[in-house]
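What follows is a single structure, written as structure tokens, with notes after it.
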Amino acid sequence: MGISENEPIGVAEHINLKYTDSGRVTANLLSAKMLDYSNRDFPYNEFTEGVTLYLFDRENKKNTVVSDYAISYDKTNLIDLQGNVKIITHTNDTLFAEQLYYDNKKEWIYTNLPVRFRQGNDMIYGNGFDSNKNFTNAEVLEVTGVITLEE
């Protein structure tokens, strides 16, 4: 139909996508621009101008994920977040990374790259991070340092 295989099949602006489970919003994805590559053998959506992702637990407590760029793969339910990735939990714990993955099906956040995680008064440095979307079991992997911050 005149569309190159290397071009997006569609472009959307001002995205506000809500994921629901049993009528309850579990995630809300916001982005200024999305490129739709669903015409590929391995379909994906690319968010070239970054994303803001809100994740809600059963008590409607919100965790916020922000990144400069993201790509969401339909077949694997993975979102690859890149560039100045920051997660702020409902308790104000904050994770900083250059790349994180969010598994939408398993509701799991992870990376094997360097991270900084401010938890309470501690800034924890490490190589890798694992957590469920509610951060009830957040863990910095291969801890390389901990600094206790004064208030």
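Numbering (the working numbering), first residue to last: 6 to 156.
Cβ atoms here follow ideal geometry from the backbone N, Cα and C, with glycine treated the same way.
Keep in mind the model is a prediction, meaning the values are calculated, not measured.
- Counting only the Cα atoms, F140 lies some 7 Å from T94.
- Note on I129: 16 or more other CB atoms within 10 angstroms of its CB, so buried under the neighbour-count rule.
- Check the Cα spacing between N97 and each of R29, L83 and R123: the tightest is with R123.
- Only buried fits L34, as 16 or more other CB atoms lie within 10 angstroms of its CB.
- Assigned with DSSP and collapsed to three states, K38 falls in strand.
- Counted as a single uninterrupted DSSP element, the stretch harbouring P13 is not any beta strand (DSSP E), since DSSP gives it neither H nor E.
- In the DSSP secondary-structure assignment, S27 is not bridged to any residue.
- Per the DSSP secondary-structure output, N50 pairs in a beta bridge with D41 and S77.
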